[in-house]
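Visitor: Which chain is which? The protein sequence lines are A and B, in order.
Under the working numbering, the first residue of the first sequence carries the number 41, and numbering increases by one thereafter.
Under the working numbering, the first residue of the second sequence carries the number 246, and numbering increases by one thereafter.
We treat Cβ as the ideally placed atom computed from N, Cα and C, and that holds for glycine.
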Amino acid sequence: ELKVEQNPLFLSMQEGKNYTIYCNYSTTSDRLYWYRQDPGKSLESLFVLLSNGAVKQEGRLMASLDTKARLSTLHITAAVHDLSATYFCAVDFRGGADGLTFGKGTHLIIQP
Amino acid sequence: NAGVTQTPKFQVLKTGQSMTLQCAQDMNHNSMYWYRQDPGMGLRLIYYSASEGTTDKGEVPNGYNVSRLNKREFSLRLESAAPSQTSVYFCASSERPPGQGWSPLHFGNGTRLTVT
Numbered sequence: 041e042l043k044v045e046q047n048p049l050f051l052s053m054q055e056g057k058n059y060t061i062y063c064n065y066s067t068t069s070d071r072l073y074w075y076r077q078d079p080g081k082s083l084e085s086l087f088v089l090l091s092n093g094a095v096k097q098e099g100r101l102m103a104s105l106d107t108k109a110r111l112s113t114l115h116i117t118a119a120v121h122d123l124s125a126t127y128f129c130a131v132d133f134r135g136g137a138d139g140l141t142f143g144k145g146t147h148l149i150i151q152p
Numbered sequence: 246n247a248g249v250t251q252t253p254k255f256q257v258l259k260t261g262q263s264m265t266l267q268c269a270q271d272m273n274h275n276s277m278y279w280y281r282q283d284p285g286m287g288l289r290l291i292y293y294s295a296s297e298g299t300t301d302k303g304e305v306p307n308g309y310n311v312s313r314l315n316k317r318e319f320s321l322r323l324e325s326a327a328p329s330q331t332s333v334y335f336c337a338s339s340e341r342p343p344g345q346g347w348s349p350l351h352f353g354n355g356t357r358l359t360v361t
């Protein structure tokens with residue numbers, strides 16, 4: 041079964057702190073995506089990770105992929121309120137033959 | 246540059262009514278997708294169309310039908326709406342068909358459907 045599990049599903053943190061969101065998936069894949077969704081809005085692509093060991097950074101967000109462990113992380117450095125959103129990871133199983141399989145999302149609240 | 250456009254944005258139906266959700270993309274993408282989003286469930290694939298003229302079932306196709314009208318348009322039809330179909334529906338498109346190399350999904354703004 042194709043599964044993508046994120047944790048935590050809900051995270052409340054203070055500005056200035058660091059934290060990591062984890063994304064585990066069930067079977068082999070070389071491609072993993074991170075999306076951001078603001079309340080009532082569509083999904084915005086953040087990162088595409090295409091190979092083992094891939095690391096991408098944009099501002100205070102850094103994503104990495106370990107295909108051997110079937111694990112991706114999204115690290116938040118010195119969080120700011122504007123990063124409050126729901127973050128989804130999605131995996132491209134079987135070369136994308138089934139479309140993307142999404143995790144349930146991590147609802148992130150960053151408090152001043 | 247509109248990207249992926251969905252209509253309507255909001256809809257309320259009574260149980261048993263039918264409706265069609267419309268989606269159009271102007272990026273000349275080959276593949277189009279319909280997802281539904283429910284609280285705590287992430288996004289689940291309903292149907293997709295790898296290319297014009299083809300459609301395939303996703304994870305949760307029951308109760309839905311789709312039509313790939315042309316390369317630009319991909320519609321989702323609910324023949325007899327049920328309360329379990331209350332959800333937010335997202336259409337997406339990608340340049341390459343599934344299984345033929347990676348390409349990111351571009352999402353529309355969603356349709357919020359309530360079935361009473």
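Chain B partners of Tyr65(A), CB-CB under 9 Å?
Guide: The sequence position of residue 65(A) within the first sequence is 25, counting from 1. Chain B residues near Tyr65(A): none, gap ~13 Å exceeds 9 Å.
Visitor: Helix, strand or coil for Gln262(B)? Go by DSSP, reduced to three states.
Guide: For the purposes of this step, residue 262(B) is identified with residue 17 of the second sequence, where counting begins at 1. Gln262(B): coil per DSSP, three-state reduction.
Visitor: Quick check on Met277(B): buried or exposed, where buried means 16 or more other Cβ atoms within 10 Å of its Cβ?
Guide: Taking the second sequence and counting its residues from 1, one reaches residue 277(B) at position 32. Burial call: buried.
Visitor: Note down the Cα distance separating His121(A) from Gln262(B), rounded to an integer number of angstroms.
Guide: Here residue 121(A) refers to the residue found at position 81 when the first sequence is read from its first residue. Here residue 262(B) refers to the residue found at position 17 when the second sequence is read from its first residue. Taking the straight line from one Cα to the other gives about 42 Å.
Visitor: Just reading off the beta strand (DSSP E) that Ser276(B) is part of, what are its end residues?
Guide: Here residue 276(B) refers to the residue found at position 31 when the second sequence is read from its first residue. From DSSP, the beta strand (DSSP E) with Ser276(B) extends over 276–283.
Visitor: Give me the chain B residues within the contact set of Gly143(A), using Cβ-Cβ distance strictly less than 8 Å, ordered along the chain.
Guide: By 1-based counting over the first sequence, the position of residue 143(A) is 103. Within chain B, the residues near Gly143(A) are Gly287.
Visitor: Return the chain-ordered list of same chain residues with a C-beta closer than 7 Å to the C-beta of Ser332(B), the five sequence neighbours on each side being excluded.
Guide: Residue numbering aside, residue 332(B) sits at position 87 when the second sequence is read from its first letter. Arg281, Gln282, Asp283, Leu358.
Visitor: Could you spell out the range, first to last residue, of the beta strand (DSSP E) harbouring Ser312(B)?
Guide: Residue mapping note: residue 312(B) aligns to position 67 of the second sequence, counting from 1. Taken as a continuous stretch (DSSP letters only), the beta strand (DSSP E) holding Ser312(B) covers 309–313.
Visitor: Would you kindly work out how many angstroms separate the C-alpha atoms of Arg76(A) and Glu84(A), rounded to a whole number?
Guide: Taking the first residue of the first sequence as position 1, residue 76(A) is located at position 36. Taking the first residue of the first sequence as position 1, residue 84(A) is located at position 44. The alpha-carbon atoms of Arg76(A) and Glu84(A) are separated by roughly 5 Å.
Visitor: Kindly list the residues whose CB is nearer than 7 Å to the CB of Tyr65(A), restricted to its own chain and excluding five residues on each side of it in sequence; keep chain order.
Guide: For the purposes of this step, residue 65(A) is taken as the residue at position 25 of the first sequence. Correct list, in chain order: Lys43, Val44, Arg110, Val131.
Visitor: Would you verify that the beta carbon of Ser91(A) is, or is not, closer than 8 Å to some beta carbon of chain B?
Guide: Taking the first residue of the first sequence as 1, we reach residue 91(A) at position 51. Taking Cβ atoms only, chain B never reaches closer than 8 Å to Ser91(A), which makes this a no.
Visitor: Given this structure, state the Cα-to-Cα distance separating Gln46(A) from Gly248(B), to the nearest angstrom.
Guide: Translated into positions along the first sequence, residue 46(A) becomes position 6. Translated into positions along the second sequence, residue 248(B) becomes position 3. Cα-Cα distance, rounded: 29 Å.
Visitor: My understanding is that Phe128(A) touches Gly287(B), with C-beta atoms under 8 Å, so please give their C-beta distance in whole angstroms.
Guide: Along the first sequence, read from residue 1 onward, the residue named residue 128(A) stands at position 88. Along the second sequence, read from residue 1 onward, the residue named residue 287(B) stands at position 42. The pair is a contact, with the Cβ atoms about 6 Å apart (cut-off 8 Å).
Visitor: Any chance the region 98–117 of chain A sits against the region 56–75 of chain A, with 3 or more Cβ pairs inside 8 Å?
Guide: Segments in contact, yes.
Visitor: Beta strand (DSSP E) containing His115(A): first to last residue?
Guide: Residue 115(A) sits at position 75 when you count from the first residue of the first sequence. Element bounds for His115(A): 111–116.
Visitor: Chain A partners of Asn354(B), CB-CB under 8 Å?
Guide: The sequence position of residue 354(B) within the second sequence is 109, counting from 1. Residues of chain A passing the Cβ test: Lys81, Ser82.
Visitor: From Ala295(B), Arg322(B), Ser312(B), pick the residue whose C-alpha is nearest to that of Leu140(A); which is it?
Guide: On the first sequence, residue 140(A) is found 100 positions in, with the first residue counted as 1. Of Ala295(B), Arg322(B), Ser312(B), the residue nearest in Cα terms is Ala295(B).
Visitor: Would you mind telling me which residues of chain B sit closer than 7 Å to Tyr73(A), beta carbon to beta carbon, in chain order?
Guide: Indexing the first sequence from 1 puts residue 73(A) at position 33. Pro349, listed in chain order.
Visitor: Please report the straight-line C-alpha distance between Gln251(B) and Trp279(B), rounded to a whole angstrom.
Guide: Locating residue 251(B) in the second sequence gives position 6, where the first residue counts as 1. Locating residue 279(B) in the second sequence gives position 34, where the first residue counts as 1. Cα-Cα distance, rounded: 11 Å.
Visitor: Would you give the residue range spanned by the beta strand (DSSP E) that Gln251(B) belongs to?
Guide: For this step, residue 251(B) is matched to residue 6 along the second sequence. Element bounds for Gln251(B): 249–252.
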